[in-house]
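Structure first, commentary second.
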Amino acid sequence: MSSNTATITPALVAEHGLKPDEYQRILDLIGREPTLTELGIFSAMWNEHCSYKSSKVHLRGLPTKASWVIQGPGENAGVIDIGDGQACVFKMESHNHPSYIVPYQGAATGVGGILRDVFTMGARPIACLNALSFGAPEHAKTRHLVSGVVAGIGGYGNSFGVPTVGGSVRFHSRYDGNILVNAMAVGLAETSKIFYAAASGVGMPIVYLGSKTGRDGIHGASMASAEFDDDSAEKRPTVQVGDPFSEKLLLEACLEIMEKGCVIAIQDMGAAGLTSSATEMGAKGDLGVTLDLDKVPCREEGMTAYEMMLSESQERMLMVLKPEKEKEAEAIFRKWGLDFAIVGETTPSKRFIVRHKGEVMADLPIKELGDSAPEYKRPFVTAEKLPAIDAGAVEARGSIADALERLLVTPDLCSKRWVWEQYDHIIGGNTVQRPGGDAAVVRVEDGPKALAMTTDVTPRYCEANPFEGGKQAVAECWRNLTAVGARPLAITDNLNFGNPERPEIMGQFVGCVRGIAEACKALDFPVVSGNVSLYNETNGKAILPTPSIGGVGLLEDFTRSATLAFKRDGDAILVVGETAGWLGQSIYLREICAREEGAPPPVDLIEERENGDFVRELILDGTASAVHDLSDGGLLVALAEMAMAGEIGAKLDAPPDDVLAHAYWFGEDQARYIVTVAADKVEGVLARARDASVLVSRIGTTGGEALALHGERALSVADLNRRSEAWLPAYMAGEA
Amino acid sequence: MKAAVLVFPGINRERDMARTLKLVSGTAPNMVWHAEHELPAGTDLVVVPGGFSYGDYLRCGAIAARSPVMDAVRTFAAKGGLVLGVCNGFQILCEAGLLPGVLMRNENLRFICRDVYLKVERSDTPFTRGYNAGQVIRVPVAHGEGNYIADGETIARLEGEGRVIFRYASPDGMIDPNWNHNGAINAIAGIISERGNVLGMMPHPENHVEEAIGRTDGRGLFAGIAEALEKAA
Numbered sequence: 006m007s008s009n010t011a012t013i014t015p016a017l018v019a020e021h022g023l024k025p026d027e028y029q030r031i032l033d034l035i036g037r038e039p040t041l042t043e044l045g046i047f048s049a050m051w052n053e054h055c056s057y058k059s060s061k062v063h064l065r066g067l068p069t070k071a072s073w074v075i076q077g078p079g080e081n082a083g084v085i086d087i088g089d090g091q092a093c094v095f096k097m098e099s100h101n102h103p104s105y106i107v108p109y110q111g112a113a114t115g116v117g118g119i120l121r122d123v124f125t126m127g128a129r130p131i132a133c134l135n136a137l138s139f140g141a142p143e144h145a146k147t148r149h150l151v152s153g154v155v156a157g158i159g160g161y162g163n164s165f166g167v168p169t170v171g172g173s174v175r176f177h178s179r180y181d182g183n184i185l186v187n188a189m190a191v192g193l194a195e196t197s198k199i200f201y202a203a204a205s206g207v208g209m210p211i212v213y214l215g216s217k218t219g220r221d222g223i224h225g226a227s228m229a230s231a232e233f234d235d236d237s238a239e240k241r242p243t244v245q246v247g248d249p250f251s252e253k254l255l256l257e258a259c260l261e262i263m264e265k266g267c268v269i270a271i272q273d274m275g276a277a278g279l280t281s282s283a284t285e286m287g288a289k290g291d292l293g294v295t296l297d298l299d300k301v302p303c304r305e306e307g308m309t310a311y312e313m314m315l316s317e318s319q320e321r322m323l324m325v326l327k328p329e330k331e332k333e334a335e336a337i338f339r340k341w342g343l344d345f346a347i348v349g350e351t352t353p354s355k356r357f358i359v360r361h362k363g364e365v366m367a368d369l370p371i372k373e374l375g376d377s378a379p380e381y382k383r384p385f386v387t388a389e390k391l392p393a394i395d396a397g398a399v400e401a402r403g404s405i406a407d408a409l410e411r412l413l414v415t416p417d418l419c420s421k422r423w424v425w426e427q428y429d430h431i432i433g434g435n436t437v438q439r440p441g442g443d444a445a446v447v448r449v450e451d452g453p454k455a456l457a458m459t460t461d462v463t464p465r466y467c468e469a470n471p472f473e474g475g476k477q478a479v480a481e482c483w484r485n486l487t488a489v490g491a492r493p494l495a496i497t498d499n500l501n502f503g504n505p506e507r508p509e510i511m512g513q514f515v516g517c518v519r520g521i522a523e524a525c526k527a528l529d530f531p532v533v534s535g536n537v538s539l540y541n542e543t544n545g546k547a548i549l550p551t552p553s554i555g556g557v558g559l560l561e562d563f564t565r566s567a568t569l570a571f572k573r574d575g576d577a578i579l580v581v582g583e584t585a586g587w588l589g590q591s592i593y594l595r596e597i598c599a600r601e602e603g604a605p606p607p608v609d610l611i612e613e614r615e616n617g618d619f620v621r622e623l624i625l626d627g628t629a630s631a632v633h634d635l636s637d638g639g640l641l642v643a644l645a646e647m648a649m650a651g652e653i654g655a656k657l658d659a660p661p662d663d664v665l666a667h668a669y670w671f672g673e674d675q676a677r678y679i680v681t682v683a684a685d686k687v688e689g690v691l692a693r694a695r696d697a698s699v700l701v702s703r704i705g706t707t708g709g710e711a712l713a714l715h716g717e718r719a720l721s722v723a724d725l726n727r728r729s730e731a732w733l734p735a736y737m738a739g740e741a
Numbered sequence: 098m099k100a101a102v103l104v105f106p107g108i109n110r111e112r113d114m115a116r117t118l119k120l121v122s123g124t125a126p127n128m129v130w131h132a133e134h135e136l137p138a139g140t141d142l143v144v145v146p147g148g149f150s151y152g153d154y155l156r157c158g159a160i161a162a163r164s165p166v167m168d169a170v171r172t173f174a175a176k177g178g179l180v181l182g183v184c185n186g187f188q189i190l191c192e193a194g195l196l197p198g199v200l201m202r203n204e205n206l207r208f209i210c211r212d213v214y215l216k217v218e219r220s221d222t223p224f225t226r227g228y229n230a231g232q233v234i235r236v237p238v239a240h241g242e243g244n245y246i247a248d249g250e251t252i253a254r255l256e257g258e259g260r261v262i263f264r265y266a267s268p269d270g271m272i273d274p275n276w277n278h279n280g281a282i283n284a285i286a287g288i289i290s291e292r293g294n295v296l297g298m299m300p301h302p303e304n305h306v307e308e309a310i311g312r313t314d315g316r317g318l319f320a321g322i323a324e325a326l327e328k329a330a
């Protein structure tokens with residue numbers, strides 16, 4: 006594909022992932038047959054990954070505004086105001102397909118890409134998180150994928166120098182052929198120094214910065230927009246190779262030239278590389294762009310215009326500089342040993358013109374390249390609602406104590422220490438709460454403020470009822486931030502689904518997005534950035550619908566954050582919220598009864614808000630000594646986690662008469678928290694709860710070295726800890 | 098204290114180190130770029146911080162050890178100046194020939210970030226006067242290549258001359274393979290030079306200096322250095 010005059014055949018069009026009607030749209034738009042380079046540019050801009058053509062119409066329903074939102078979706082990352090002239094910049098993005106093909110590099114470049122999105126806006130990254138979904142542990146590739154992905158995330162973040170402070174790891178057979186690697190980055194900037202992609206001014210120099218351009222990653226975005234099959238391993242060359250060292254230099258150099266006031270506009274080269282970044286800068290600024298590819302620093306000889314425009318080589322940026330600051334900026338880049346080249350300029354023409362070796366390789370209308378991308382209202386069907394399962398219809402298997410022991414060694418509930426110990430989670434010296442809690446807490450340089458952050462979603466709920474599942478993902482995120490004492494501010498959403506051309510998958514997508522929107526509105530928790538990843542299927546088998554939600558909250562004083570560990574003997578254990586014993590779609594039902602059935606627990610957003618606000622108050626006024634949100638595994642798993650973290654046991658009362666024991670201990674009713682308080686404060690808390698119409702009940706007392714449940718054998722906390730810690734290392738060593 | 102913190106491309110814990118030095122001594126250190134040929138006048142402590150200098154490409158610390166500024170550090174050390182290398186800094190000092198031995202991949206071949214316990218072997222060095230001999234401190238590690246090794250003769254010398262300053266230990270100070278996360282020979286976590294003025298260590302005392310962010314076990318090291326410098330002045 007070296008010649009720009011190649012004949013554009015239907016086969017060539019199809020190879021570029023463009024449907025016949027989409028190609029017709031191109032012909033209508035430009036009034037002639039495109040050159041090969043132009044066809045490549047269109048395929049890069051109009052694939053699902055870059056154009057959001059299947060999802061856009063639904064994403065418009067998401068709430069994106071609040072008084073504290075500085076920048077919502079549409080830029081490199083979202084920006085929120087955290088007071089004192091400071092802003093938090095964050096986003097989550099998927100790197101699913103590359104991570105399945107080449108786990109280490111796929112995951113590493115996922116982290117690199119999201120970090121670039123954040124520092125492109127002028128923010129210094131202060132934390133990374135992730136949400137990982139792997140296939141069943143017994144699947145032949147799972148161990149290899151876990152090992153590579155975790156090492157890749159660590160390899161990039163550790164070297165770059167950002168603490169990876171939180172995340173989630175799950176296993177399910179529905180991810181056997183298509184794992185999910187969602188990476189989130191959070192950065193800190195001054196509100197007066199946020200940088201955007203829109204170019205301004207005619208005749209301004211467009212500067213290429215960072216690493217050289219190679220042939221890696223060509224068609225990466227197109228690969229992310231198609232299903233997988235058995236030959237997917239052949240797509241290896243489309244996966245990029247990460248260089249965290251260059252990225253660290255790029256970060257320091259970018260922040261330095263931003264500080265010196267050299268930058269008018271900046272855009273990172275992510276998916277669809279030079280094509281996407283250059284057109285975005287021009288289109289957003291209402292300007293044309295002319296690129297001279299002879300000036301692009303190349304890693305390999307003989308690269309064609311087509312290859313340069315589609316390369317997804319990592320650690321590159323495009324900027325529009327103030328002409329008078331050009332020399333100063335160049336000196337800074339040279340100091341950091343990075344490439345710096347003027348590769349084009351802004352023009353008044355609103356055309357995107359690409360020259361190479363004296364020839365015009367592409368000449369396209371710049372705005373229409375993005376704006377005229379196809380937009381689909383794909384047909385969707387809403388799956389029939391599953392019936393709620395009555396707890397009485399679920400036979401308890403074994404004792405409650407036996408069930409807890411078994412649940413703590415399941416892949417989803419066991420300790421993930423093996424994973425997060427491979428991430429440097431303390432660099433920066435600001436990690437107040439390390440991985441393993443409800444949300445990570447990272448101090449804002451020298452305090453007293455801190456940011457809380459978490460990633461959440463319960464895919465089995467989303468599959469059973471997309472609307473409730475979407476609501477639940479947002480509610481759980483909000484709850485986790487609340488449980489450390491933070492005021493939840495905003496989210497980034499990373500929507501992972503199967504093939505949108507199948508109406509039932511589209512139905513999942515639409516349902517989840519509506520649920521997310523509903524919860525965001527009810528909780529004043531707007532969406533400020535996000536990413537959609539479709540076609541997550543292999544051989545026609547789709548993943549569980551997995552809309553990962555990354556949330557950020559604010560603590561005015563980091564020393565007041567709550568942790569989940571029991572603190573001392575004799576504290577009263579309280580449950581906030583109603584425990585009705587909902588077993589449908591619970592971990593208990595799946596792991597103990599081998600049934601994945603029923604409707605998921607409904608989410609009452611008013612109750613979420615009231616209960617959460619009540620708990621946050623108990624934290625901020627110093628009443629609560631430990632707090633934990635209730636989610637997977639229900640009440641007893643949460644109590645065990647609190648006991649294990651504090652290495653302190655508890656004496657627990659018998660369930661109330663009207664709830665079956667297994668449903669009481671393992672049901673997954675929403676809007677609940679466990680809070681411990683000093684014994685002499687119980688009456689006061691109960692009175693406050695009555696005044697606030699919040700349901701609070703005392704269920705036991707901390708103390709001793711065992712979890713002592715009424716009528717069950719006592720469970721040694723040290724032994725539970727050993728079991729929970731043992732599973733993952735043993736599995737990874739091939740022993741489990 | 099007039100500290101100089103070296104900055105190589107790819108170093109990433111220089112900000113943590115600078116903040117800790119300022120917190121403990123009250124004075125912000127000078128940040129010194131790798132291409133410099135001289136240290137700022139009056140420097141009394143050189144700190145080589147942690148990170149991934151030059152991406153750890155080639156070998157950890159190998160490229161940084163050949164930077165112009167390292168000649169100045171060698172001269173400084175030869176005159177008895179205090180030099181502290183932490184993590185990648187320890188690797189750089191070994192590569193620069195200021196300390197013996199090398200740091201290999203962790204025994205389990207994975208990067209490890211966790212709190213570890215260190216037994217402080219001596220309190221009569223300018224680096225450890227803030228601790229008692231035999232004291233156990235808890236500080237974090239974050240490295241993929243911290244597995245210290247040297248030839249038998251060198252190890253025998255280090256041990257014989259009392260130059261092993263920190264060892265990985267159990268919480269009650271026992272040397273035990275279960276508490277030696279990276280497999281270092283003799284559980285070595287930190288050593289000093291023959292003259293006693295250069296310390297290299299893998300753990301990060303600079304990340305444990307505030308009660309609200311973990312613990313304060315690392316503070317003794319920096320307070321001790323400040324005291325030693327004050328006494329010498």
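If you're matching them up, the sequences are chains A and B in order. Sequential numbering from 6 applies to the first sequence in our numbering. Sequential numbering from 98 applies to the second sequence in our numbering. All C-beta atoms, glycine included, are put in the ideal place defined by N, C-alpha and C. All of these numbers come straight from a predicted model, not from anything done at the bench.
Under the Cβ criterion (8 Å, minimum of three pairs), the stretch 277 to 292 of chain A counts as touching the stretch 311 to 321 of chain A. Judged by beta-carbon spacing, residue 654 (chain A) lies within the 9 Å limit of residue 712 (chain A), meaning their Cβ atoms are closer than that value.
Contact annotation, residue 357 (chain A) with residue 347 (chain A): C-beta distance approximately 17 Å; criterion of less than 8 Å not satisfied. Under the DSSP assignment, residue 541 (chain A) falls outside any beta strand (DSSP E); it carries neither an H nor an E label. The stretch 104 to 151 of chain A is shown to contain whole alpha helix (DSSP H) runs of 4 or more residues at 108 to 124, in chain order. Between residue 241 (chain B) and residue 270 (chain B) the beta-carbon gap is near 27 Å, outside 8 Å, which marks them as no contact. Secondary structure at residue 272 (chain A): strand, using DSSP grouped into helix, strand and coil. For residue 265 (chain B), there are no neighbours in chain A by C-beta distance under 9 Å, as the nearest C-beta there is about 15 Å away. By the criterion of a C-beta distance shorter than 8 Å, residue 228 (chain B) is surrounded in its chain by 217, 220, 234, 317, 318, 321, once the five residues flanking it on both sides are discounted. Out of A:627, A:621, A:628, A:626, the CA that lies nearest to the CA of residue 634 (chain A) is found in A:621.
Where residue 47 (chain A) is concerned, the enclosing alpha helix (DSSP H) starts and stops at 41 to 51. With contact defined as three or more Cβ pairs closer than 8 Å, the stretch 99 to 111 of chain A and the stretch 171 to 187 of chain A are in contact. Residues of the stretch 228 to 253 of chain B that bring their beta carbon within less than 7 Å of a beta carbon in chain A comprise 237, 239, in sequence order. With at least 16 other beta carbons inside 10 angstroms of its own, residue 645 (chain A) counts as buried.
Look at the stretch 140 to 159 of chain A: the residues with a C-beta under 8 Å from a C-beta of chain B are 156, 159. The alpha-carbon separation between residue 248 (chain B) and residue 130 (chain B) amounts to approximately 33 Å. In summary, the residues of the stretch 415 to 428 of chain A whose CB is separated from some CB of chain B by less than 7 Å are 426, 427, 428, in the order they occur in the chain. The Cβ of residue 291 (chain A) sits no closer than 9 Å to any Cβ of chain B.
Look at residue 135 (chain A): its C-beta is not under 9 Å from any C-beta on chain B. In summary, residue 395 (chain A) is exposed, with fewer than 16 beta-carbon neighbours lying within 10 Å of its beta-carbon over all protein chains present. The C-alpha of residue 44 (chain A) lies about 55 Å from the C-alpha of residue 101 (chain B). In the three-state reduction of the DSSP assignment, residue 282 (chain A) falls in the helix class, which pools H, G and I. Under the Cβ criterion of 9 Å, residue 163 (chain A) is counted among the residues facing chain B. Between residue 127 (chain A) and residue 322 (chain A), the CB-CB gap reaches or exceeds 9 Å. Taking a cut-off of 8 Å for Cβ pairs, the stretch 207 to 226 of chain A and the stretch 318 to 338 of chain A touch, as three or more such pairs fall below it. Excluding the 5 residues flanking it on each side, residue 529 (chain A) has same chain C-beta neighbours closer than 7 Å at 71, in chain order. Rounded to whole angstroms, the separation of the alpha carbons of residue 160 (chain A) and residue 456 (chain A) is 24 Å. Among the residues of chain B, those whose CB is under 7 Å from the CB of residue 254 (chain A) are 106, following chain order.
Excluding five sequence positions before and after residue 673 (chain A), the CB atoms of its chain that fall closer than 6 Å to its own CB belong to 587, 591, 606, 639, given in chain order. For residue 319 (chain A), the three-state secondary structure derived from DSSP is coil.
Inter-segment contact for the stretch 157 to 175 of chain A and the stretch 130 to 139 of chain A is present: three or more beta-carbon pairs are separated by less than 8 Å. Interface with chain A (9 Å Cβ-Cβ cutoff): residue 141 (chain B) is excluded.
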